[in-house]
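Going line by line, the protein sequences match chains U and G.
Just so we're aligned, residue 1 is where the first sequence starts under the numbering used here, counting upward by one.
Just so we're aligned, residue 368 is where the second sequence starts under the numbering used here, counting upward by one.
Glycine is no exception: its CB is placed at the ideal position from the N, C-alpha and C atoms.
None of the values given here were measured: they were computed from a predicted structure.
Number of protein chains: 2
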Amino acid sequence: MNKVLAPLEPGSTIGILGGGQLGRMLALAAARLGFSVHVFCPDENSPAFKVAEKSYLFDYDDEKALGRFAQATDIITYEFENVPAHTAAYLSAKTALHPNAGALKIAQDRLAEREFLTSTDIAIAPYAGISRVDDIEKALAEISTPAVLKASRMGYDGKGQAVIKTFDDIPGAWEKIGCVAAIVEAFIPFEREISVIIARSQSGEMVAFDPGENKHVNHILDQTLVPANISDATHHAALKIARTIADALDYVGILAVELFVCNAPGYEPLYVNEIAPRVHNSGHWTQDACHTDQFEQHIRAICGWPLGAAHRHSDAVMKNLIGDDYYQWPKFAALGNHNVHLYGKTKVREGRKMGHVNQTKPHKKAT
Amino acid sequence: MNKVLAPLEPGSTIGILGGGQLGRMLALAAARLGFSVHVFCPDENSPAFKVAEKSYLFDYDDEKALGRFAQATDIITYEFENVPAHTAAYLSAKTALHPNAGALKIAQDRLAEREFLTSTDIAIAPYAGISRVDDIEKALAEISTPAVLKASRMGYDGKGQAVIKTFDDIPGAWEKIGCVAAIVEAFIPFEREISVIIARSQSGEMVAFDPGENKHVNHILDQTLVPANISDATHHAALKIARTIADALDYVGILAVELFVCNAPGYEPLYVNEIAPRVHNSGHWTQDACHTDQFEQHIRAICGWPLGAAHRHSDAVMKNLIGDDYYQWPKFAALGNHNVHLYGKTKVREGRKMGHVNQTKPHKKAT
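Below, the structure is given as structure tokens:
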């Protein structure tokens, strides 16, 4: 159980591990509330460095630097789930790290994540842990094809995944993911993917945003549409799943839960695809469509503040600007009902997230 | 006439003169659009330093430092109208300074401001320029009492002002403002004060926010209420005045126009009280109630971007947190329909602006 502490005073210093766009937007939200921000990242071109009071350009295993970082900050959070376990352990021993190292451990290992979700009775695709290529055939004898092989660690944006349509695909799939520890799971014939972005405070208070519907292109998130095209019952079921997960992890901060929505007679079965212990790309729409956005909610939660209102004053379509999409910024900047967010990255590269655009439309029905 | 240049690319660097809360909020808005920000300010405790890529801690007359600042930035703006004239001239000769030095010159001298407004046929209180105490009596023979004596330069939040109820008050009033160049003007028996915050782009495009109604306590802005309690005709007349002023100054950026609203049979006469060539405290409500806020509009305008939509999706009450009000932040942070903005100032002092709170209420009638 997290100790409920007095709220962290404005003027205190928040440390952020990771200097990408999520760290940058967390830093901007923290600044709005009067906090100072220090950013720790081994990449000298970190966009978050440019809006932070202090930057730490060191490797994540540099304990001396981590020690100074912990000393100079009042609380530490992170923008990515692949924080090395020993880094999280080292920092947790010295200061308050939110979300906690346990949540991080589960979120960075697909097998641990699946075992955790199974323990909470939340529906997921049938799966099996894989250590060697032989395990795959054995597992698929039960799970059957089509199936997906997913590396246990460091997968994102479709990386570290391979589809297995027939047993003949097994050797190639195992090669493709790099012959590493993995899971194999049944392919879920879903109608759509949705995300629930939920904030949980130190006292266990939870506030969820309305589910968004995710559209991918080349395995990378392209758009999030809100409201999602789901029934009210599915909406509430999705929120309940997110609350169950956040409670089970004794979670503090923003948690993202990706779910597959299927189609069955009379209802929409839900399967959790993935959880992310951080602010999430599929929550960027909240910046311009909600009273309090995901970044401020995360800062409020980790600082022991009450959570903000998450109600949605507008419908929204978030569109990522990936690679060359970036050059479309003048078009979006000229559209009246769009808010442009650019990350200050110096180089455009294929597949690189350069910014996003939120198209909003005020709606009359408060949520 | 301003040269219309190609829009400044995201990733470019914006220089801001002045490191207070307005500079800080401008820097945050610039970062959202992908810009880097350098801040120049002689105060080492500048809140804007903490969110800037680079800080210049030098006096405004340090030409070497100003030269480096101009060299390192692509465009320069400012957060306060009392930028010394020679600083503005020095920078204007080296780089693009917005709003232009002419607007700055008029806004930092009440006599020049009154003469400029008179030249545009905009209604202001009857006034006269004052160089010596004897001038006051002469002027009041025409203007009559009650009147207000206002130092021409460096006045803000009621400082440098003295009310003259009878001729006997003249010597005391002259003392009070420090026996400096001034104007004396007729006291306008106004019903309310409103502000129009207007953005003007390099191409002359203008977008105005809905007028806000200002409530002062101890001569310092306490609250801005939107919508203002004025007729539609007055609303449009106020916007027309703001547009006239912005055009006459060939202005680029956010301009604030404070107006007195009077009560006459069948209409509400308007008198311009003051103009400010910058983002303004009475425009802070736009952060949480409008599609694009005053800070982003200013950045868009000075960078040659198209202006954003200024429509108001919510009604708003902005409340300043001044001095000890600051300690009420936990109360406001816990209220669902309030957004808290704190400036990261390290010391609470009487009369010091520490933050503000925007209370919003979504409304159905789009503006």
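Spatial distance of residue i from residue j (CA atoms)
i: D589 of chain G; j: A27 of chain U; result: 28 Å
i: Y457 of chain G; j: P377 of chain G; result: 26 Å
i: Q726 of chain G; j: A683 of chain G; result: 5 Å
i: E572 of chain G; j: L674 of chain G; result: 8 Å
i: T367 of chain U; j: A631 of chain G; result: Any reading at T367 of chain U needs caution, since the residue's pLDDT is 42, under 50, leaving its predicted position unreliable; the model's value is listed next. Roughly 44 Å separates the two Cα atoms.
i: H280 of chain U; j: H586 of chain G; result: 45 Å
i: A289 of chain U; j: A29 of chain U; result: 15 Å
i: I299 of chain U; j: D502 of chain G; result: 58 Å
i: Q695 of chain G; j: I302 of chain U; result: 20 Å
i: P7 of chain U; j: P697 of chain G; result: 8 Å
i: L97 of chain U; j: G15 of chain U; result: 9 Å
i: G545 of chain G; j: K526 of chain G; result: 11 Å
i: F116 of chain U; j: H708 of chain G; result: 39 Å
i: L507 of chain G; j: A474 of chain G; result: 24 Å
i: V252 of chain U; j: L104 of chain U; result: 11 Å
i: I275 of chain U; j: Q294 of chain U; result: 15 Å
i: K64 of chain U; j: Q202 of chain U; result: 29 Å
i: R132 of chain U; j: E175 of chain U; result: 11 Å
i: C629 of chain G; j: T533 of chain G; result: 23 Å
i: A310 of chain U; j: I254 of chain U; result: 12 Å
i: I537 of chain G; j: E504 of chain G; result: 7 Å
Residue i - DSSP class collapsed to helix/strand/coil
i: D589 of chain G; result: strand
i: S195 of chain U; result: strand
i: Y710 of chain G; result: coil
i: A548 of chain G; result: coil
i: P377 of chain G; result: coil
i: N467 of chain G; result: coil
i: A310 of chain U; result: coil
i: Q294 of chain U; result: helix
i: E350 of chain U; result: coil
i: Q359 of chain U; result: strand
i: N281 of chain U; result: helix
i: L321 of chain U; result: strand
i: T118 of chain U; result: helix
i: S144 of chain U; result: coil
i: G703 of chain G; result: coil
i: I241 of chain U; result: helix
i: L17 of chain U; result: strand
i: V138 of chain U; result: According to the sequence as given, residue 138 of chain U is Lys; it is not Val. In this structure, K138 of chain U counts as helix in the three-state DSSP scheme.
i: T653 of chain G; result: helix
i: Y427 of chain G; result: coil
i: N516 of chain G; result: A small fix is needed here, since residue 516 of chain G is Leu in this sequence, not Asn. Residue state, collapsed to three classes: strand.
Whole-angstrom C-beta distance between residue j and residue i, which should lie under 8 Å
i: A492 of chain G; j: E552 of chain G; result: 4 Å
i: T73 of chain U; j: T95 of chain U; result: 7 Å
i: V148 of chain U; j: I130 of chain U; result: Contact doesn't hold; Cβ gap of about 11 Å is too wide.
i: R278 of chain U; j: E79 of chain U; result: 6 Å
Own chain, CB closer than 6 Å to residue i, minus 5 neighbours either side, in chain order
i: Y60 of chain U; result: P84 and T87
i: T244 of chain U; result: T120
i: F69 of chain U; result: G15, F40 and Y56
i: S92 of chain U; result: A101
i: S152 of chain U; result: D109, R110, L111, A181 and A182
i: R559 of chain G; result: E580 and V628
Neighbourhood of residue i by C-beta, 7 Å cutoff - its chain only, sequence neighbours within 5 removed
i: R481 of chain G; result: I491, Y494 and I550
i: P414 of chain G; result: G386, G387, Q388, R391, Y710, G711 and K712
i: H216 of chain U; result: D222
i: F699 of chain G; result: H705, V707 and V724
i: E717 of chain G; result: G690
i: W652 of chain G; result: G579, T591, V593, A683, M685 and N725
i: A248 of chain U; result: T120
Neighbourhood of residue i by C-beta distance below 8 Å, restricted to the same chain and skipping five residues each side
i: I241 of chain U; result: I122, V196, V257, L259, L270 and V272
i: L606 of chain G; result: V563, I565, A575 and P578
i: S379 of chain G; result: F402, S403, D441, I442 and C670
i: K361 of chain U; result: S314, D315, A316 and N337
i: V348 of chain U; result: G323, D324, Y326, Y327 and M354
i: K417 of chain G; result: R391 and G711
i: G539 of chain G; result: A529
Checklist line | Near-chain U residues of the stretch 671 to 691 of chain G - C-beta to any C-beta below 9 Å | finding: W672, P673, G675, A676, H678, H680 and S681
Notebook entry, point to check: What are the residues of the stretch 396 to 407 of chain G that lie near chain U, defined by any Cβ-Cβ distance shorter than 9 Å?
Noted result: A398, R399, L400, G401, F402, S403 and V404
Next item on the list: Compile a chain-ordered list of the residues in the stretch 412 to 424 of chain G whose CB is closer than 7 Å to at least one CB of chain U.
Entry: K417, V418 and E420
Next item on the list: With 9 Å as the limit, tell me which residues of the stretch 338 to 350 of chain U have their beta carbon closer than that to any beta carbon of chain G; keep them in chain order.
Entry: H338, N339, V340, H341, L342, Y343, G344, K345 and T346
Margin query: So if I threshold CB-CB distances at 9 Å, which residues from the stretch 518 to 549 of chain G count as touching chain U?
Written below: none
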